[in-house]
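Protein sequences, first through last, are from chains A and B. Counting the first sequence from 1 gives a position; this note's numbering is that position plus 131. Residue 82 in this note's numbering sits at position 93 of the second sequence, and the numbers go up by one each step. The beta-carbon is built from N, C-alpha and C at its ideal position, and this holds for glycine as well. Here the structure is a predicted model, which is why all the values come from computation and not from measurement. Right, one structure below, let's go through it.
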Amino acid sequence: MKKLKEFIIEKAIFLSGSLSIIFVVLIFVFLVKEGVLFFKYVPPKDFLMGNNWYPLSTPEQFGMLPLILGSLLVTIGSMLISIPLGVACAFYIAEVVNPKFKDILKTGVELLAAIPSVVIGFVGMITLVPWVKSIFNLPTGLTALSGSIMLAFMAMPTIVSIAEDAITAVPRRYKEAALALGATHWQAMYKVIIVAAAPGIFAAVMLGVGRVIGETMAVMMITGNAAVIPHTFLEPVRTLTATIAAEMGESIRGSNHYYALFVVGIILFIITFIINFVADVFLHRIKK
Amino acid sequence: MDTDTIKIVRMLAENVDFFYGSTHALKNINLNIFKNKVTAIIGPSGCGKSTFIRLLNRMNDLIPRSRLAGNIMLDGENINEPNTDVVDIRRRVGMVFQKPNPFPKSIFQNVSYGMEVNGIRDKNVITEKVIESLKKAALWNEVMNRLDESALCLSGGQQQRLCIARCLAVEPEVLLFDEPCASLDPVSTKKIEELILGLKKEYTIVIVTHNMQQAGRVSDYTAFMYLGELIEFGHTEKLFTVPKDKRTEDYITGKFG
Ligand SMILES: Nc1ncnc2c1ncn2[C@@H]1O[C@H](COP(=O)(O)OP(=O)(O)OP(=O)(O)O)[C@@H](O)[C@H]1O
Ligand SMILES: [Mg+2]
Chain A
132 MKKLKEFIIE
142 KAIFLSGSLS
152 IIFVVLIFVF
162 LVKEGVLFFK
172 YVPPKDFLMG
182 NNWYPLSTPE
192 QFGMLPLILG
202 SLLVTIGSML
212 ISIPLGVACA
222 FYIAEVVNPK
232 FKDILKTGVE
242 LLAAIPSVVI
252 GFVGMITLVP
262 WVKSIFNLPT
272 GLTALSGSIM
282 LAFMAMPTIV
292 SIAEDAITAV
302 PRRYKEAALA
312 LGATHWQAMY
322 KVIIVAAAPG
332 IFAAVMLGVG
342 RVIGETMAVM
352 MITGNAAVIP
362 HTFLEPVRTL
372 TATIAAEMGE
382 SIRGSNHYYA
392 LFVVGIILFI
402 ITFIINFVAD
412 VFLHRIKK
Chain B
-10 MDTDTIKIVR
0 MLAENVDFFY
10 GSTHALKNIN
20 LNIFKNKVTA
30 IIGPSGCGKS
40 TFIRLLNRMN
50 DLIPRSRLAG
60 NIMLDGENIN
70 EPNTDVVDIR
80 RRVGMVFQKP
90 NPFPKSIFQN
100 VSYGMEVNGI
110 RDKNVITEKV
120 IESLKKAALW
130 NEVMNRLDES
140 ALCLSGGQQQ
150 RLCIARCLAV
160 EPEVLLFDEP
170 CASLDPVSTK
180 KIEELILGLK
190 KEYTIVIVTH
200 NMQQAGRVSD
210 YTAFMYLGEL
220 IEFGHTEKLF
230 TVPKDKRTED
240 YITGKFG
């Protein structure tokens, strides 16, 4: 009887574990199956390097470069903001703040992750966007900069939380050794602790990047959605994610446009897969 | 052997009491640490040896809710005055910990770190000092061809000697060893003991040890602590042969501890 119970539980766990892997594989197979058809009509080079994304004009043009650059710009912008702030914040929580407040602060930062992205987009739209417009004196505040700032908020909880764990996990003996040699607290942090915590901090940053690249709703609301090649942070851009979300509904099933969006999806999948994989490798290195 | 010829007090504890929160870990300790001598601190586990030695370079500053009463002097100056520079105290009073704790950096960087944080920038000066310190710590021959390798690749005994070299490179005046051989094999232990005897000429040394033979071999003076109190302090030979206190006698003869 007991044996049977064990057997059922074991198989059930195995089944749910394998199912989650099977689903991921199926999704990828489906994406690829729908996507490859597209390259029958459009050569990969025109697709990846083309400057114009005009899916609805005749003749249609599917140059993905503006979308790739849009995602890249917004991601880089948000990382420039969230990495220094996030890592500094992690150090503050791990090393500086009075231990009494440590838990409160950390929970507070992690709660930021619970805000739905549509809310972040909404708040950004009515507060940040008008500021950007008036500060830089632009025709519109829906720009890559606005997107970067809001996405930085969304990456921060991940970065702070994981980087703080990595810093706290640095054995106390490193810090004691540094201080015993006459290092100041700041020197110990910046020359020893940050080196020892580096793999974890890097993983934190990668997971933050993954979050930002995959984000759809908030960027769609505040980046302006213009599929043109951006030259500065103060222009509207359109990201890969926003393109799929905005156009999938209006594309005709089986059309070139429909297949093109699948290829955009494949590319996104590959990018986030690589990023998460790299982060994972580094997180594993810490555990050893 | 006349150990009394020169007797200069380098460090001194005066009516020292120490509390971890409400735990009274040290009770009215009075102790002299003489220049160019090795002072051993012995006593059963939990009697406050580490607590005491960590007070000598203010490592206990890091412990929240701890409290110190009494004076600890270094060359006649109170090291806990509000205006003393704790960084300077820690540079002058070096410490080697029980578990070897090299940084996750190269062998060279481990030794140069202390100089860098103390503002030495000249590459030649640093390189020379690194070599000199590794030689003093009797490690040079084993690592001279692999200075760029990670310090974590060294054996435990080598790591501990690296930690000693790292400590010597900042030119301290006093060296504190908290059970430096606790995690080492007999051969490495012997090397460290020889090293300590050699370093005595230049430095004032305090060593915490659980090993009575070790205290006998390396130290000039021995302090016996028990339950947070300093029970007896004196010449190592006298303390081990004619202890004045019954508790000291019981401890060194192995009746408890
Ligand atoms: N960080 C701390 N917080 C609270 N109590 C502590 C702390 N460190 C030590 N103690 C307590 O203070 C007393 C003395 O500890 P200490 O580490 O100085 O002993 P020790 O003589 O070095 O022992 P051992 O030989 O085992 O290393 C012990 O009762 C211990 O429990
Ligand atoms: Mg101890």
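Identify which residue in A/ILE375, A/VAL340 and A/MET379 has its Cα closest to the Cα of A/ILE212.
A/VAL340
Counting pairs of beta carbons, one from the stretch 362 to 369 of chain A and one from the stretch 135 to 154 of chain A, are three or more of them closer than 8 Å?
They do not touch, by the three-pair rule.
Within this structure, are the beta carbons of A/PRO197 and A/ILE360 separated by less than 8 Å?
yes
What residues of chain A sit near B/VAL100, judged by a beta carbon separation below 8 Å?
Neighbours of B/VAL100 on chain A: none; closest Cβ ~10 Å, over 8 Å.
Say yes only if the C-beta of B/LYS38 is nearer than 7 Å to one or more non-hydrogen atoms of ligand 1, and no if none qualify.
yes
For A/THR422, is the classification buried or exposed, using 16 other Cβ atoms within 10 angstroms of its Cβ as the cut-off for buried?
Outside the shown range of chain A (132 to 419) lies residue 422 of chain A, about which nothing can therefore be said.
Do A/MET337 and A/ALA410 come within 8 Å of each other at the CB atom, strictly closer than that value?
yes
Helix, strand or coil: which one does DSSP assign to A/ASN268?
coil
Starting from the C-beta of A/LYS264, find all residues in its chain whose C-beta is less than 6 Å away, skip the five residues before and the five after it, and write them out in chain order.
GLY272
Since B/LYS227 meets chain A, which of its residues come closer than 7 Å, beta carbon to beta carbon?
In chain order: nothing, as chain A lies at least about 32 Å away.
Contact residues within the stretch 208 to 222 of chain B, judged by C-beta distance below 9 Å to chain A
none
Between A/ALA245 and A/ALA309, what straight-line distance do the alpha-carbon atoms span, to the nearest angstrom?
38 Å
When you compare only the Cα positions, how much space is there between B/MET133 and B/PRO91?
17 Å
Below 9 Å between beta carbons is the criterion; list the residues of the stretch 164 to 186 of chain B that meet it against any residue of chain A, in chain order.
LEU165
B/ILE18 bridges to which residues according to DSSP?
Checking the DSSP bridge columns, you'll see B/ILE18 partnered with B/VAL5.
Any heavy atom of ligand 2 closer than 7 Å to the CB of A/GLU478?
Outside the displayed range of chain A (132 to 419) lies residue 478 of chain A, so it cannot be described from this structure.
So is the beta-carbon of B/VAL85 under 7 Å away from any non-hydrogen atom of ligand 2?
no
Do you know offhand how far B/ILE185's Cα is from B/VAL176's?
Going by the C-alpha atoms only, they are around 14 Å apart.
Can you determine whether any heavy atom of ligand 2 sits closer than 7 Å to the C-beta of B/GLU117, and answer yes or no?
no
Is A/PHE169 buried or exposed, if buried means 16 or more other CB atoms sit within 10 Å of its CB?
buried
For the stretch 31 to 90 of chain B, which segments carrying the beta strand (DSSP E) assignment without a break, of at least 3 residues, lie completely within its bounds, in sequence order?
55 to 63 and 82 to 85
Looking at the secondary structure, which residues open and close the beta strand (DSSP E) in which A/ALA283 lies?
That residue, A/ALA283, is in no beta strand (DSSP E); its alpha helix (DSSP H) goes 275 to 299.
Given a cut-off of 8 Å, decide if B/TYR9 and B/ILE52 are closer than it, judged by their beta-carbon atoms.
Contact flag set, yes.
Label B/ALA140 either buried or exposed according to how many other C-beta atoms from any shown protein chain fall within 10 Å of its C-beta, with 16 as the threshold for buried.
buried
Does the beta-carbon of B/ALA14, which I'm using as the reference point, lie nearer than 7 Å to any heavy atom of ligand 1?
yes
Do B/ALA29 and B/THR198 have their C-beta atoms closer together than 8 Å?
yes
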